[in-house]
Amino acid sequence: MVKNHCLAKSINDASWSLFRRWLEYFAAKFNSQVVAVNPRMTSQKCSDCGAIVNKSLSTRSHKCSCGCELQRDVNAAKNILNLAKARVGHTQSNATGLVTSTLLGANLVEQVTRVNVESPSL
Ligand SMILES: [Zn+2]
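Under this note's numbering, the first residue of the sequence shown carries the number 105, and numbering increases by one thereafter.
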């Protein structure tokens, strides 16, 4: 179904939404926290010094001039973890004043619940 370009985006969106809800569920169940971060440049940025080390998708290792050498995905994972640590506890408000935290968990579940309650009246 994903190969059908008319439906692919909707199917992928639904899958990511479901995946995100599973993450929230299991994080709550195991008393952990899920934090959404922007993945942009996480595989190109050096997790040790912050320099941008451009590499193609086929380049599987990260080698920086600072001496940091890691497997590409490990480097990206460290960058993602650092972004998440920096974001923990930071929330933003949108134009309506509702909290649109990048943190997943109770706030987002509450928002989704609120959307579901409000949708019939729209
Ligand atoms: Zn570096």
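Glycine included, C-beta positions come from ideal geometry on N, C-alpha and C.
The model shown is predicted, which means the values in this text are computed figures rather than measured ones.
Item	Value
Can you tell me which residues fall inside 6 Å of ligand 1, judged by beta-carbon distance to its nearest heavy atom, and keep chain order?	C150, D152, C153, A155, C168, C170 and C172
My output table needs one value for K167: the three-state DSSP class, helix, strand or coil.	strand
Quick check: E128 and V139, are their CB atoms within less than 7 Å of each other?	no
Whose CA, out of R125, A131 and Q175, lies closest to the CA of S162?	Q175
Using three-state DSSP, classify V178 as helix, strand or coil.	helix
Is K149 helix, strand or coil when you go by DSSP?	strand
For A180, I'd like the list of residues in its chain whose CB is within less than 7 Å of its CB, leaving aside the five on either flank, ordered along the chain.	T146 and S147
Name the DSSP beta bridge partners of I184, please?	For I184, which the question treats as bridged, DSSP gives no partner whatsoever.
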